[in-house]
Every structure is written in C-alpha cells, then in structure tokens.
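Q: Below are the structure tokens for one structure; questions will follow.
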C-alpha cells in the first residue's frame, strides 16, 4: 500500500511538472515571459516580460486600477519611491523581523527555506518556531535536495541592502523596499494635508518590491523582484468588521472579472497563532496552481499598528482630526493585497488548455477576451496577393484604431496562423479573402471571423465588424 501511494504521488508530481514545463515553454515561445539575463546563464528569481507579457500585465493593472481607484470616490493613487529613509523600515519592524527560516546544506553550502523542505515532507509548518522546525528536520532525517545533511535552522532577513551617496559606511545603508505598503503609510499625512479626505478613504499603489528570497521557485510565483497592487484603507476603529466584509466582496469581484474559476480559489482564515500580533483578522485567498494550493491575495485588518509605529518613529503627529465630532485619533487600516506576478501566473494556468481540433492536438490560451493580450488578429488569405494584403491592412487600421490590441499576421499559411494566435490567446481571427473583394458579389466587403475556442467561422460585413467585436468582449 505504501508503495502504491508513493507511486500515485510521483504520478501527480510528474503531471504537475509537465504542465508547468508546458506553461513556461509556451510563455517563452510566444513572447510572454523570458528568464532574466538569459544569455548570461540567467539570474535565479528574476524574469523579463516580453511584448505579450507586458500586454497581459497592463490588462490586469488597468482593470485593477479602474475597479479600485477610478470607479470609486474614496481612493487616492500614489507612486512612492522605491528607496526610503531606512528609519521607516526600522519603525515598521522590517529591519528587525522581515525574515524567513533558512537552512544550509552542510556539504554544498546551498541554502533552502526550512519550511519548504518540511512542507515537501508533508509537515504542516504553520505556527512552527525555528526550534520546532529544527527538531522536525533532525527527527525525520530530512536532507537537502542533494541528499546531504542540513545545518541549524536560523532566521534570514530578506531585505536587499545597498548604500546611498559616495561613501560606504553604516550611516549610508538603505534598503530596496520589501513591500509597497510602507510608501503609502509615510504619505498618509501628505494626503491628509493636500486633500482633507473624510474617513473612510484609501491609498492605492502599483509598484515593485524586492525580497532576497532564499529559494525562488515555481516560475514567477516566488521571485526576488516582484510587483504588488496594494491598498491601505483608513477607517474608524468601530467600522472594521463592516469594511472588512466589503473589501472581501470586492476581491471576489476582481477574481471574477479577470476570469479565474471561483472553484479554484479558496479562503483560508488565518488562525490567531499564525497571524501578525497586530491583526484581529486575516484571510488569505489561495489558488489551485499546478504545483498546489498557494496564496494569491491577502486581506488583513492591521489596526493602528502602522500609523502608530510611524508616528513613534518619525515623532510626527499622524492623528486624524474629525471636523464634525472634533475628535483626534489614529485611523485603523484594512489592507487588501494583490500580487501582480501571481495574478498573471494564475491567469496563465487557468487559460492553458489542450484539446483536439480537426484531428490534431492543439494548445491554446483560453483567456477571458477582455484580458487577452491581442483581442483580434487580421490576416490576408494569401501573402503574395497585393490586393488581399491592401484590404487586410485597411481592416487592420480600422480595428487597431478602435481596440488597440490588434495584430496583423501574414506569416505562413492560414492554419499555422490560427495555431499561433491560439497559443497567444487571441479570441478572434479575421481573414480577408477573395470573396471580400467581390469574387462572390453577395459576400463583397465581408470577412471571415474565426472563434478561438471552438474554431467556428462566420461571415460578417466589414461595416459591422467593430460593433460585433464590442458585443462579444466580456
């Protein structure tokens, strides 16, 4: 029975590896994501986004910004500097406590996350102390991936340190920000002074953060340079439960809007022992990635910890003055946090589809149309017929001016172009053929529109093409 279970686990693992390898290969082949510094052998935990990767990222961030900033009256967007006064990170607790459990291979000196090694051995590490992790590793005889013994488990601060100015000394040491939230908290007073907002109100930011991950892995899931979409929503202390539920609903709205299957997203209520000491409630929203159920988004009630910490650290009064009640107090904070790279990976995992069409195996990305990097591709039936190419360019220019994300493709035969666009995730392909030019008078100025998901084709008048595409974008 043990051998049978081990066999089943190996089969599942192999299937997971195969799917992830297929997604990574497609992402590179079609210009979504490349290994960072690839021609120099790469750099672990870094990835470069190609043209279609940038387009997909922009679709995600544009939708997020519209939903959480532009469509609301109570949100203020900011773009804080990556480099901050190091005292801010001391006050927030990052200098003293932003750490992961590290363990070292005693032979190769390679470093690993102790909790990851334990999780791979199916040990639940939530709430474990360093001592408990170390005891578990020793008692279970867990070894490194190279089958070597491991050293003591210790804390490893993940912040990247650098120096500012012309000389290197302790006073000049600063950090690349490990999260975007810090810049919002230190700008809270600026927003108060410039805009005099009434509670509740929020600050929103999309930006890069940097974490010296011990063991980056799972493609773009765990990286050293990441992008976050975060909100710090300032509220009255008595309103936290109502506001928490409202933001919980908004996160689910976003999940639906980007096209993730709700059945693959799960709420995990973080137990008291596992959440931050200042948090009264934290929920992680986890997604069923090919490599397992992992955190996608987070929602936390942070109390007044952050503003109080920065008020103490800066010696600047950060209290909110209520004009109506004449009260002064530190607002509390609800923090919805979204990882951009993880969102992109979830969308790619969700969209990756294998099927069979016309007796041939096919791979395509089944993006929700509004999320697709390319909405529509325009083809001339034959590349060597100037009249077809000219008409196709006319149609392309019209659609490009309307939708922006439109591609002209005349490389190879039409069948190959369809397969290429399927892998890009393009929902519709428009083909200009001889009937478009009037070979069949009844079909003059009509085009063939082919559906990505089922391969069906319909004839549509060029004059109706824009409205048709608008009507089916969801």
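In my numbering, the protein residues as written are 14 to 487.
Glycine included, C-beta positions come from ideal geometry on N, C-alpha and C.
All values derive from a computational prediction rather than experimental measurement.
Pairs of beta-carbons, one from the segment 309-316 and one from the segment 291-300, closer than 8 Å: are there three or more?
A: The segment 309-316 is in contact with the segment 291-300.
Q: From what residue to what residue does the beta strand (DSSP E) around residue 187 run?
A: Locating residue 187 in the chain shown gives position 174, counting from the first residue. Residues 186-188.
Q: For residue 341 versus residue 332, is the C-beta distance shorter than 8 Å?
A: As a first step, residue 341 is located in the chain shown; it is residue number 328 there, counting from the start. As a first step, residue 332 is located in the chain shown; it is residue number 319 there, counting from the start. In contact: residue 341 and residue 332 (Cβ atoms closer than 8 Å).
Q: Tell me which residue opens and which closes the beta strand (DSSP E) that residue 409 is part of.
A: By one-based count along the chain shown, residue 409 stands at place 396. It is not in any beta strand (DSSP E) - residue 409 instead sits in the alpha helix (DSSP H) that spans 399-416.
Q: Return the chain-ordered ranges of every beta strand (DSSP E) run that is complete within the segment 66-129 and spans a minimum of 3 residues.
A: List check, beta strand (DSSP E) in window: 88-90, 112-117, 124-126.
Q: Contact check, residue 163 vs residue 128 under 8 Å by CB: the rounded distance?
A: Numbered from 1 along the chain shown, position 150 holds the residue referred to as residue 163. Numbered from 1 along the chain shown, position 115 holds the residue referred to as residue 128. The pair is not a contact, with the Cβ atoms about 13 Å apart (cut-off 8 Å).
Q: Taking only three categories from DSSP, how would you classify residue 21?
A: Within the chain shown, the letter at position 8 stands for residue 21. Unreliable placement is indicated for residue 21, whose pLDDT of 45 sits below 50; the coordinate value is still reported in the next sentence. Residue 21: helix per DSSP, three-state reduction.
Q: Can you determine whether any heavy atom of the ligand SAH sits closer than 7 Å to the C-beta of residue 379, and answer yes or no?
A: With respect to the ligand SAH, the structure offers nothing, as it holds no ligand at all.
Q: Can you check DSSP and say which residues form a bridge with residue 368?
A: For the purposes of this step, residue 368 is taken as residue 355 along the chain shown, with counting starting at 1. Paired residues: 375.
Q: Report the CB separation of residue 245 from residue 348 in whole angstroms; it is logged as a contact under 8 Å.
A: Within the chain shown, the letter at position 232 stands for residue 245. Within the chain shown, the letter at position 335 stands for residue 348. About 6 Å; that satisfies the 8 Å criterion.
Q: For residue 148, does the count of other Cβ atoms within 10 angstroms reach 16, so buried, or fall short, so exposed?
A: Position 135 of the chain shown holds residue 148. That one is exposed.
Q: Within the continuous beta strand (DSSP E) that includes residue 157, where are the two ends?
A: Taking the first residue of the chain shown as 1, we reach residue 157 at position 144. Counting along the chain, residue 157 falls outside any beta strand (DSSP E), and DSSP gives it neither H nor E.
Q: According to the neighbour-count rule (16 or more other Cβ atoms, all chains shown, within 10 Å of its Cβ), is residue 469 buried or exposed?
A: Your numbering for residue 469 matches position 456 in the chain shown. Looking at its Cβ environment, which holds fewer than 16 other Cβ atoms inside 10 Å, residue 469 is exposed.
Q: So, using beta-carbon positions, are residue 446 and residue 478 closer together than 8 Å?
A: Within the chain shown, numbered from 1, the residue matching residue 446 stands at position 433. Within the chain shown, numbered from 1, the residue matching residue 478 stands at position 465. Not in contact: residue 446 and residue 478 (Cβ atoms no closer than 8 Å).
Q: Taking the straight line between their C-alpha atoms, what separation do you get for residue 21 and residue 135?
A: Your numbering for residue 21 matches position 8 in the chain shown. Your numbering for residue 135 matches position 122 in the chain shown. Since pLDDT at residue 21 reaches only 45, below the 50 mark, its modelled position is unreliable, and the value read off the structure follows with that caveat. Straight-line Cα distance between these residues: approximately 15 Å.
Q: Count the other CB atoms within 10 Å of the CB of residue 52; is the residue buried (16 or more) or exposed (fewer)?
A: Residue 52 sits at position 39 when you count from the first residue of the chain shown. When all chains shown are included, residue 52 counts as exposed.
Q: Give me the DSSP bridge partner(s) of residue 305.
A: As a first step, residue 305 is located in the chain shown; it is residue number 292 there, counting from the start. Paired residue(s): 302.
Q: Got a sec? Which residues, its chain only, sit under 7 Å from residue 198 by beta carbon, not counting five neighbours each side?
A: Here the question's residue 198 lines up with position 185 in the chain shown. Counting only Cβ-Cβ distances below 7 Å, and skipping sequence neighbours, we find 245, 319, 320, 323.
Q: Give the range of the alpha helix (DSSP H) segment to which residue 319 is assigned.
A: By one-based count along the chain shown, residue 319 stands at place 306. 318-327 is the span of the alpha helix (DSSP H), which, as asked, contains residue 319.
Q: Verify whether the separation of the beta carbon atoms of residue 388 and residue 418 is less than 8 Å.
A: Counting from 1 along the chain shown, the entry for residue 388 is found at position 375. Counting from 1 along the chain shown, the entry for residue 418 is found at position 405. Going by C-beta atoms, residue 388 is nearer than 8 Å to residue 418.
Q: Just tell me which of 454, 482, 449 has its CA closest to the CA of residue 442.
A: As a first step, residue 442 must be located in the chain shown, where it is residue number 429. Minimum Cα distance to residue 442 is reached at 482.
Q: Below 7 Å CB to CB, which residues in the same chain sit around residue 267 once its five sequence neighbours on both sides are set aside?
A: Numbered from 1 along the chain shown, position 254 holds the residue referred to as residue 267. Answer for residue 267: 77, 80, listed in chain order.
Q: Bridge partners of residue 474, per DSSP?
A: Position 461 of the chain shown, counting from 1, holds the residue named residue 474. Note: residue 474 sits in a beta bridge opposite 459.
Q: Closest Cβ-Cβ distance between residue 56 and chain C: below 8 Å?
A: The chain labelled as chain C is not found in the depicted structure, where only one protein chain is given.
Q: May I ask you to report which of helix, strand or coil DSSP gives residue 465?
A: The residue you call residue 465 lines up with position 452 of the chain shown. Reduced to three states, the DSSP call for residue 465 is coil.
Q: In the DSSP assignment, what are the bridge partners of residue 171?
A: In the chain shown, the residue the question calls residue 171 occupies position 158. DSSP output for residue 171 lists no bridge partner at all.
Q: Give the straight-line distance between the Cα atoms of residue 49 and residue 352, rounded to the nearest whole angstrom.
A: Taking the first residue of the chain shown as 1, we reach residue 49 at position 36. Taking the first residue of the chain shown as 1, we reach residue 352 at position 339. When rounded, the distance between both Cα atoms is 19 Å.
Q: Specify, as a first and last residue, the run of the beta strand (DSSP E) that residue 62 falls within.
A: As a first step, residue 62 is located in the chain shown; it is residue number 49 there, counting from the start. Its beta strand (DSSP E) spans residues 60-62.
Q: For residue 391 and residue 371, which I take to be in contact (beta-carbon distance under 8 Å), what is that distance rounded to the nearest angstrom?
A: Within the chain shown, numbered from 1, the residue matching residue 391 stands at position 378. Within the chain shown, numbered from 1, the residue matching residue 371 stands at position 358. The Cβ separation is near 22 Å, so there is no contact.
Q: For residue 365 and residue 39, I'd like the C-alpha separation in whole angstroms.
A: Position 352 of the chain shown, counting from 1, holds the residue named residue 365. Position 26 of the chain shown, counting from 1, holds the residue named residue 39. Their Cα atoms are separated by approximately 9 Å.
Q: Would you give the residue range spanned by the beta strand (DSSP E) that residue 216 belongs to?
A: Start at 1 with the first residue of the chain shown, and residue 216 comes out as number 203. It spans 214-223 - the beta strand (DSSP E) in which residue 216 sits, taken as one unbroken run.
Q: Using the C-alpha atoms, what's the distance from residue 203 back to residue 83?
A: Indexing the chain shown from 1 puts residue 83 at position 70. Indexing the chain shown from 1 puts residue 203 at position 190. Cα to Cα, residue 83 sits roughly 20 Å from residue 203.
Q: Measuring alpha carbon to alpha carbon, tell me which residue in 170, 261, 298 is nearest residue 355.
A: The residue you call residue 355 lines up with position 342 of the chain shown. Minimum Cα distance to residue 355 is reached at 298.
Q: For residue 408, count neighbouring C-beta atoms within 10 Å of its own C-beta (all shown protein chains included) and say buried if the count is 16 or more, exposed if not.
A: For this step, residue 408 is matched to residue 395 along the chain shown. Classification for residue 408: buried.
Q: Helix, strand or coil: which one does DSSP assign to residue 16?
A: Against the chain shown, residue 16 aligns to sequence position 3. Summary for residue 16: the model assigns pLDDT 46, below 50, so the residue's position carries little reliability; its value from the coordinates is reported in the next sentence. Looking at residue 16 - three-state DSSP - the assignment turns out to be helix.
Q: Cutting at 6 Å between CB atoms, please list the residues of its own chain near residue 467, excluding the five before and the five after it.
A: The residue you call residue 467 lines up with position 454 of the chain shown. Cβ within range, chain order: n/a, list empty.
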